[in-house]
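Student: In the order they appear, the protein sequences are chains A and B.
For the first sequence, my numbering assigns the number 14 to the initial residue and increments by one for each residue that follows.
For the second sequence, my numbering assigns the number 54 to the initial residue and increments by one for each residue that follows.
Shown below is the structure under consideration.
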Amino acid sequence: MRNNPKSHFIFGIKIILYLFFAGVGGGASVVGTIFHILRPQLEIVIKGGIILGAPLVLIGSIFLLLDLGQPKVAWRAISRPNKAWISRGTIILTTFIILGFIQIGTWIWPFQGLGNYTNFHLIFNVINGVFGVLTLIYTGFLFDTTRSIPFWSTPILPLLFLVSGLSMGIFGLILITMGSLESHSLNFLIQMDIILIILEALIIFFYLHGMHEVTAARASVKRLLKGDLSYQFWLGVVFIGILIPFFFEILGGGSKSLTLIACLAGLIGGFFVRFVIVSAAEKTPLNVEGVLIYLTPRPK
Amino acid sequence: MTRYAMVIDLKKCIGCDTCTIACRAENATTKGILFNRVFKFEVGKYPHSKLGFLPVTCMHCAKPECEKQCPTGATTRRKDGIVIVDKDKCMGCQYCVVTCPYGTRYYLDKIEKYVKGFETPYEKKGHKRHKKGTVEKCDFCLKRVERGEKPACVVSCIANARYFGDLDDPNSEVSRLIALRRGYTLNPELGTEPSVYYLPDY
Chain A
14 MRNNPKSHFI FGIKIILYLF FAGVGGGASV VGTIFHILRP QLEIVIKGGI
64 ILGAPLVLIG SIFLLLDLGQ PKVAWRAISR PNKAWISRGT IILTTFIILG
114 FIQIGTWIWP FQGLGNYTNF HLIFNVINGV FGVLTLIYTG FLFDTTRSIP
164 FWSTPILPLL FLVSGLSMGI FGLILITMGS LESHSLNFLI QMDIILIILE
214 ALIIFFYLHG MHEVTAARAS VKRLLKGDLS YQFWLGVVFI GILIPFFFEI
264 LGGGSKSLTL IACLAGLIGG FFVRFVIVSA AEKTPLNVEG VLIYLTPRPK
Chain B
54 MTRYAMVIDL KKCIGCDTCT IACRAENATT KGILFNRVFK FEVGKYPHSK
104 LGFLPVTCMH CAKPECEKQC PTGATTRRKD GIVIVDKDKC MGCQYCVVTC
154 PYGTRYYLDK IEKYVKGFET PYEKKGHKRH KKGTVEKCDF CLKRVERGEK
204 PACVVSCIAN ARYFGDLDDP NSEVSRLIAL RRGYTLNPEL GTEPSVYYLP
254 DY
């Protein structure tokens, strides 16, 4: 079996970095919107969501642009929203970034053109939050519709990206607002996060368990559990990304240094979640009269 | 309607890679990119084993995943069934390379000379047809087909293992071979409906 190196391509590090930044930014924006509806008195968290949202997604999008071979024709990416998920995603990202910067310009920046008309900001923030959710889940749908890669072809991925993104968003929000937050508000954020971490751990378990039952995707799961990606999975995702934040947030009791470690670990874990999902992808082997021919190199 | 298709007879294929080289010569692809590849593998277990060969090229699917997911509209399926990439529209996002189930799309990140530091006159001419930063693939030798000729791999095959013709014409050589020898496509469960058929190796 001989392989041609240039056809092995599955998304690289720039795409993983995009997924990370868009996850934190989109998640923080959605959490900010939720607070705007439920706890409007916590202005610092709401504003934190806006400050993190669009700029981080913009940084992620720059990685996407850097990944393009012909960035000059990148505007064509919006041509086919009726069929292609990348087109839909480009429209979602562009709208999200524009809305976010309008929010920053009208509310947070010194020239508060639209003043303190809170209903306006609330409506704007809700629209922004909807696009934040779309930013989080559209990559999940993009992966889900990649039928050549069985490890990605599952509707649980949009859900995983949503929950993981929200959790990362809270980590980011705690990091930037920790200094000025009162302890009961901080605890409320931490409690939300603990629930999200449990959900994320469950989704990852269901995802890998389900994929292990799919013959074509089993190789990918094995790479995570005991193959070449096992360090990134057990250390990066499970230990740093789930166990450390979970126990530090539960046992920390609002201690700022422990919360800080939990947040940093949670963000690193969120990066590794994306890293292993992208890196473990393998195409369905070609089936020639019962003989399977693998298009991607087989790890030892 | 015409729907161009290719039939590859695995019983005749001896894995000599003439098609690979003929394709490279015809399309002047850069080092590392081969629109046509021949996989070689073991069938059965020793001592009852033999070598199997599988030439793989773009399948020119009737329902191409790459075309469906192309955000720029660079990849299109012509009326005659040939799937082509418009290199002026392609922005090089490479998602089609990921989504193609047959691994027959290639991202041209740099144009490389085959021999380091030396460019043959043919490379000099041929490399102008390629654009760095775009995705390229087999187009059934579109220029040859438009001239009424067959693709380079079909013409060059030393074992006559490749056939080229119209799948929509029930009397064409390809349609008859598929019917007679029970031709099959690769990974039909993906629903892509390829136009490249294989005749079984028995």
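Glycine included, C-beta positions come from ideal geometry on N, C-alpha and C.
All values reported here derive from a predicted model rather than from experimental measurement.
Can you tell me whether R15/A is buried or exposed, with buried defined as 16 or more other CB within 10 angstroms of its CB?
Tutor: Locating residue 15/A in the first sequence gives position 2, where the first residue counts as 1. Only weak support exists for where R15/A lies, its pLDDT of 36 falling under 50; the value from the coordinates is given anyway. Per the 10 Å Cβ criterion, exposed.
Student: Let me confirm a value: N132/A is counted as buried when at least 16 other C-beta atoms fall within 10 Å, else exposed. Which label applies?
Tutor: Here residue 132/A refers to the residue found at position 119 of the first sequence. Exposed, because fewer than 16 other Cβ atoms sit within 10 Å of the Cβ of N132/A.
Student: At a CB-CB cut-off below 8 Å, which residues of chain B make contact with A232/A?
Tutor: Here the question's residue 232/A lines up with position 219 in the first sequence. Correct list: empty, because the minimum Cβ distance to chain B is about 16 Å.
Student: If you measure between the beta carbons of L252/B and L230/B, is that distance less than 8 Å?
Tutor: Stepping through the second sequence from its first residue, residue 252/B is reached at position 199. Stepping through the second sequence from its first residue, residue 230/B is reached at position 177. Taking 8 Å as the Cβ cut-off, L252/B and L230/B qualify as a contacting pair.
Student: I'd like to know if N80/B contacts chain A, where contact means its C-beta is closer than 8 Å to some C-beta of that chain.
Tutor: Reading the second sequence from its first residue, position 27 is the one you call residue 80/B. Not an interface residue.
Student: Do you know how far the Cα of K93/B is from the Cα of M54/B?
Tutor: The residue labelled residue 54/B in the question sits at position 1 within the second sequence. The residue labelled residue 93/B in the question sits at position 40 within the second sequence. Going from the Cα of M54/B to the Cα of K93/B covers about 36 Å.
Student: Check for me: the beta strand (DSSP E) holding D219/B runs from which residue to which?
Tutor: Along the second sequence, one-based indexing puts residue 219/B at 166. First-last of the beta strand (DSSP E) with D219/B: R215 to D219.
Student: L305/A: buried (16+ other C-beta within 10 angstroms of its C-beta) or exposed?
Tutor: The count along the first sequence starts at 1 and reaches residue 305/A at position 292. Exposed: under 16 other Cβ atoms inside 10 Å.
Student: Can you confirm whether I216/A, when its beta carbon is compared against all beta carbons of chain B, has any partner nearer than 8 Å?
Tutor: Here the question's residue 216/A lines up with position 203 in the first sequence. By this cut-off, I216/A is not an interface position.
Student: Straight-line CA distance for L188/A to T129/B?
Tutor: Residue 188/A sits at position 175 when you count from the first residue of the first sequence. Residue 129/B sits at position 76 when you count from the first residue of the second sequence. So the two alpha carbons sit approximately 47 Å from each other.
Student: How far does the beta strand (DSSP E) with G105/B in it extend, from its first residue to its last?
Tutor: As a working note, residue 105/B is residue 52 in the second sequence. Per DSSP, G105/B belongs to the beta strand (DSSP E) from K103 to V109.
Student: What are the residues of the region 87-99 of chain A that lie near chain B, defined by any Cβ-Cβ distance shorter than 9 Å?
Tutor: Here the close residues are A87, W88, R89, A90, I91, S92, R93, P94, K96, A97, W98 and I99.
Student: Taking I211/B as the reference, which of V60/B, A58/B, R90/B and T71/B has the closest Cα?
Tutor: Mapped onto the second sequence, residue 211/B falls at position 158. Closest option to I211/B, Cα to Cα, is T71/B.
Student: Put F94/B into one of helix, strand or coil per three-state DSSP.
Tutor: In the second sequence, counting from the first residue as 1, residue 94/B sits at position 41. Strand, per DSSP.
Student: Within 8 Å (strictly less), CB to CB, does P247/B reach chain A?
Tutor: Counting from 1 along the second sequence, the entry for residue 247/B is found at position 194. P247/B does not count as touching chain A.
Student: From the beta carbon of M112/B, is the nearest beta carbon of chain A less than 8 Å away?
Tutor: Within the second sequence, the letter at position 59 stands for residue 112/B. Answer no: the Cβ-Cβ gap between M112/B and chain A never drops below 8 Å.
Student: In the DSSP assignment, find the beta strand (DSSP E) that holds D62/B and state where it starts and stops.
Tutor: Reading the second sequence from its first residue, position 9 is the one you call residue 62/B. Run containing D62/B: Y57 to D62, per the beta strand (DSSP E) assignment.
Student: Taking the alpha carbon of V138/B as the point to measure from, which residue in Y148/B, L233/B and G126/B has its own alpha carbon closest?
Tutor: Here residue 138/B is taken as the residue at index 85 of the second sequence, counted from 1. Comparing Cα positions, the closest option is G126/B.
Student: Considering only the beta carbon of each residue, do T152/B and T148/A sit closer than 8 Å?
Tutor: Residue mapping note: residue 152/B aligns to position 99 of the second sequence, counting from 1. Residue mapping note: residue 148/A aligns to position 135 of the first sequence, counting from 1. No.
Student: Would you mind sorting R93/A into buried or exposed? The rule is 16 or more other CB atoms within 10 Å of its CB.
Tutor: The count along the first sequence starts at 1 and reaches residue 93/A at position 80. So R93/A ends up on the buried side.
Student: Short check: CB of G153/A to CB of V43/A, under 8 Å?
Tutor: Here residue 153/A corresponds to residue number 140 of the first sequence, with the count starting at 1. Here residue 43/A corresponds to residue number 30 of the first sequence, with the count starting at 1. The answer is no: Cβ separation not under 8 Å.
Student: Express the C-alpha separation of L237/A and K203/B in angstroms, rounding to a whole number.
Tutor: Numbered from 1 along the second sequence, position 150 holds the residue referred to as residue 203/B. Numbered from 1 along the first sequence, position 224 holds the residue referred to as residue 237/A. Straight-line Cα distance between these residues: approximately 46 Å.
Student: To test your reading of the DSSP string, which unbroken beta strand (DSSP E) runs of 3 or more residues are found completely within the region 173-232 of chain B?
Tutor: Here the runs fully enclosed are 215-219.
Student: By the three-class DSSP mapping on this structure, what secondary structure does I306/A have?
Tutor: On the first sequence, residue 306/A is found 293 positions in, with the first residue counted as 1. Strand, per DSSP.
Student: Any idea if I203/A is buried or exposed, counting beta-carbon neighbours within 10 angstroms, 16 or more meaning buried?
Tutor: Residue mapping note: residue 203/A aligns to position 190 of the first sequence, counting from 1. By the neighbour-count rule (16 or more Cβ atoms within 10 Å), I203/A is buried.
Student: Measure the beta-carbon distance from P163/A to A230/A and round it to whole angstroms, keeping in mind my assumption that it falls under 8 Å.
Tutor: As a working note, residue 163/A is residue 150 in the first sequence. As a working note, residue 230/A is residue 217 in the first sequence. With a Cβ gap of about 4 Å, P163/A and A230/A count as contacting.
Student: Give a yes or no on whether the minimum CB-CB distance between K296/A and chain B is below 8 Å.
Tutor: Reading the first sequence from its first residue, position 283 is the one you call residue 296/A. Yes, K296/A counts as interfacial toward chain B.
Student: Please specify which runs of the alpha helix (DSSP H), each continuous and at least 4 residues long, are wholly inside the region 103-177 of chain A, giving them in chain order.
Tutor: Qualifying alpha helix (DSSP H) stretches, in chain order: 131-157.
Student: Which value, in whole angstroms, describes the spacing of the CA atoms of V70/A and F218/A?
Tutor: Here the question's residue 70/A lines up with position 57 in the first sequence. Here the question's residue 218/A lines up with position 205 in the first sequence. Taking the straight line from one Cα to the other gives about 28 Å.
Student: Which residue from K140/B, K116/B, D133/B and C119/B puts its Cα closest to that of K85/A?
Tutor: Your numbering for residue 85/A matches position 72 in the first sequence. Taking only the C-alpha atoms, the option nearest K85/A is K140/B.
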